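Residue numbers (this note's numbering): 475 to 1257. Notes for the one structure printed next.
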Ligand SMILES: Cc1cc2nc3c(=O)[nH]c(=O)nc-3n(C[C@H](O)[C@H](O)[C@H](O)COP(=O)(O)OP(=O)(O)OC[C@H]3O[C@@H](n4cnc5c(N)ncnc54)[C@H](O)[C@@H]3O)c2cc1C
Ligand SMILES: Cc1cc2nc3c(=O)[nH]c(=O)nc-3n(C[C@H](O)[C@H](O)[C@H](O)COP(=O)(O)O)c2cc1C
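Set out below in structure tokens:
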């Protein structure tokens, strides 16, 4: 077998090693355009988990690599004169040059041919090869040559960065967030060998310009950085090596395999440096390829298996890297945060590290985070304990005169179970049990302002006395038997109206018994949906009046809060999104025009709704579709509603058009809440695939939302909040007297379970390499 590998970086060399071990008879050649020790950059970083993999796949290179490594456990965040350290991260750093020399040496030992100064421009010379590995890096010539086939998507990010080195010793993965007269600069730094550390500097394009970095040569820009970070460098040099400022290209390729050619490493996909995974991904690609070659009967099958088996892992890492890079791009959003909350945001930015996870690893740090949160709550006039505070989820919140005892919310969810809009026994039990379950706030399902405003024949409404009586009974029960507040969500289905019950076909048009539907423009949802009537002024007046009448009924029912539904493609949302609003009058065109009618309705409601009671608006912060609403639009929408008196923006996304491409994942809508909250400076509620109290606390403590709503989790667990309160020891959570013995039991058990869980986690946790190394080098006298 003949294998040609183009590119002698970590991906190409490690693939050569593993494939040669597997097939000693194979003729494997690595073609590298540079000289053997001619490499850019300074250090690379691996997690302990990655090193475990290297140990399994090639112990000799693993041993050599780990002998050369610098180990550290801590992450240190420097911000506004403070340092916050979190341990137990298990990282290792190594010089990129040393890593490549070790891999080259090992490849040679095994009999791989290494050809340096061999710049390959045509793979035709490998016509007799069984396999051609394209490991030619981020600017892969071969990926671009077959661009139609591989279909790379290159997303060039806005921030500028430069990779430098220093002699400054570091004992932690160090983030420094530095205010300057030009704007914020960030340093990501870590030591990779004695007396050598990698320094990646990052800043936004405007700060870059203002700081006069444009057009400077390497030495000049290093001097400028040394000036900015001099206080930390303590006289140590900044070193350069092709340290030009660049923008990071996030690359994803649709295909990784063409005939007998396969993309590996940066050539196929990149991951932002802020999660330090480029070299890890490159070498783990080599492992995945070798595994597939070992298992599969033919080369074709092996390459397909490599791509299929590896893609999910790569995409997951890329997603985490994406989330992380976006955090760094928008660091100015958090610049006025309390430093400990800021540090918590840095630690939890990519979702892998959470509140509970940090509580195990850095209890003092989390205790400081809790205290800072509690102090903010106290500053709002609540008499909360700031010395031994409860977790953020159980801190109170005030909106106008409404006080919530905790921050967990039952998201609005249609039950499709009403008859002629009347909430019945099902609703009574449904809302009542969730209120007893401990949530601070319960939203009603979208309650329709008229018969024609319904989504389905099963939707609840509030346009007649019978419906008012039904809701009144529910609100009274909630108030009499729980500490929960209850918010009425009012909406109009628009073009998604006259559709089937969820379980009969969501958003599908009714075959019989439908009614005429309205929208901003006459565009049907599905091609075979009803074509909605474009609203004229008279229709707008009628709809507005229906909203106001429903709100007046809501007030009579005793609701504590009112939400206007402007999301998910329903009537008011259809005005806001350019995908569903193609009007040419004063209600179409610019965002300000598209917002005109929804704002008019909001203002009419605000005038009708008692001034001491809060109002929120639910928005779709992105349409997840080309040409639709984006996060930036959502900030403008939130600002407009805030000016009109909204107290909370309920940040959801999508459901505007049926061909949207949402990117799902844990807490997938939270970045939009973060953006709206910290750019528009308005209180937000986030929602969407948030399933644990740990996530709720992570979001709140990082300042990404003020309230957290859970929809589906509450469908199966009305007592979500009570159980979470037991876990976190939040004794003050409300429980009706009838259920107190249950509360006492779960609190008692939870305390024990939590202790057992922590002990188990601590026992089960393998020692990090840094810990092992520290133990091995501990002087005997210290034993
Ligand atoms: C600023 C910066 C900081 C980074 N920091 C880290 C970090 O801390 N940790 C980490 O793990 N990763 C880091 N990375 C990423 C890391 O360098 C890459 O992800 C990793 O090197 C990818 O390995 P690779 O083998 O796919 O590509 P490369 O290392 O780029 O290797 C590709 C090789 O192919 C050769 N080549 C290209 N074209 C040809 C051709 N036509 N013929 C012959 N040879 C060719 C190149 O000379 C090169 O040696 C960083 C990257 C950058 C840019
Ligand atoms: C069955 C069901 C009905 C829903 N009905 C509504 C609704 O009436 N109004 C609304 O704004 N959102 C509605 N949603 C969206 C939820 O409020 C929530 O935003 C969504 O389910 C994502 O949160 P989750 O992942 O916690 O479930 C509904 C969701 C579900 C699952």
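Glycine included, every Cβ here is placed at the ideal spot set by N, Cα and C. Quick caveat: nothing in here was measured; it's all calculated off a predicted structure.
Please confirm if residue 701 has its CB atom under 8 Å from at least one CB of chain D. The chain labelled as chain D is not found in the depicted structure, where only one protein chain is given.
Between the segment 1081-1090 and the segment 1057-1068, are three or more C-beta pairs nearer than 8 Å? no
Using a threshold of 7 Å, is the CB atom of residue 1186 nearer than that to any non-hydrogen atom of ligand 2? yes
Which residue spans inside the segment 990-1076 form an unbroken beta strand (DSSP E) run of at least 3? 1035-1040
Should residue 581 and residue 764 be called a contact, given that it needs their Cβ atoms to be closer than 8 Å? no
Assuming residue 846 is part of the alpha helix (DSSP H), what are its boundary residues? 837-853
Cut-off 8 Å between Cβ atoms - residues of its own chain near residue 698, not counting five sequence neighbours on either side: Cβ within range, chain order: 685, 686, 687 and 690.
With a 10 Å radius around its C-beta and 16 neighbouring C-beta atoms as the bar for buried, classify residue 1159 as buried or exposed. buried
Using 10 angstroms around the beta-carbon of residue 893, count the other beta-carbons present and answer buried if the total reaches 16, otherwise exposed. exposed
Which same chain residues end up closer than 6 Å to residue 1156 when comparing Cβ atoms and leaving out the 5 residues on each side of it in sequence? 1112, 1116 and 1123
Could you give the residue range of the alpha helix (DSSP H) that holds residue 784? 773-803
Below 6 Å CB to CB, which residues in the same chain sit around residue 866 once its five sequence neighbours on both sides are set aside? Excluding its 5 nearest sequence neighbours in each direction, residue 866 has C-beta neighbours in its own chain below 6 Å: 847, 1171, 1174 and 1175, listed in chain order.
Within this structure, are the beta carbons of residue 873 and residue 1232 separated by less than 8 Å? no
Which of helix, strand or coil does DSSP assign to residue 1163? coil
Cβ-based burial, residue 970 [other Cβ within 10 Å; buried from 16]: Residue 970 should be labelled buried.
Regarding residue 635 and ligand 1, is the C-beta to nearest heavy atom distance less than 7 Å? Flag set: Cβ of residue 635 near ligand 1.
Going by beta carbon distance, what residues of the same chain come within less than 7 Å of residue 700, once the five residues before and after it are set aside? 707 and 712
Nearest residue (CA-CA) to residue 1152, options 1166, 1138, 1106 and 1072: Closest by alpha carbon: 1106.
Please identify the residue among 826, 979, 860 and 639 whose C-alpha is closest to the C-alpha of residue 1003. 979
Starting from residue 976, follow the alpha helix (DSSP H) in both directions and report where the run begins and ends. 976-979
Taking only heavy atoms of ligand 2 into account, decide whether any of them is closer than 7 Å to the Cβ of residue 535. no
Using 8 Å as the threshold, is the C-beta distance between residue 567 and residue 664 below it? Result yes, Cβ atoms of residue 567 and residue 664 sit closer than 8 Å.
Assigned exposure category for residue 578 - 16 Cβ within 10 Å defines buried: buried
Should residue 1103 be listed as close to ligand 2, given that the test is whether its C-beta is under 7 Å from any heavy atom? Not so, every heavy atom of ligand 2 lies at least 7 Å from the Cβ.
Close beta carbons around residue 1194, own chain, < 8 Å, minus the five adjacent residues each side: Within the same chain, residue 1194 has close Cβ partners 882, 911, 912, 913, 1167, 1184, 1187 and 1188.
Three-pair Cβ contact test at 8 Å for the segment 754-774 versus the segment 622-640: no
Does ligand 2 have a heavy atom nearer than 7 Å to the CB of residue 923? No, Cβ of residue 923 sits at least 7 Å from all heavy atoms of ligand 2.
Which whole-angstrom value is the C-beta distance of residue 574 and residue 503, which I expect to be below 8 Å? Residue 574 to residue 503, Cβ: 17 Å. No contact.
Rounded to a whole number of angstroms, what is the C-alpha to C-alpha distance between residue 1045 and residue 703? Residue 1045 and residue 703: Cα-Cα distance of roughly 53 Å.
Under the three-state DSSP convention, the category residue 1090 falls into: strand
Which partner residues of residue 758 appear in the DSSP bridge assignment? According to DSSP, residue 758 bridges with nothing at all.
Between which two residues does the beta strand (DSSP E) holding residue 497 run? Run containing residue 497: none; DSSP gives neither H nor E here.
What three-state label does DSSP hand residue 967 in the structure shown? Here residue 967 sits in coil by DSSP.
Is the closest heavy atom of ligand 1 to the C-beta of residue 505 under 7 Å? Yes, ligand 1 has a heavy atom inside 7 Å of this Cβ.
DSSP on residue 666, reduced to helix/strand/coil? strand
Name the two residues that bound the continuous beta strand (DSSP E) containing residue 705. It is not in any beta strand (DSSP E) - residue 705 instead sits in the alpha helix (DSSP H) that spans 692-707.
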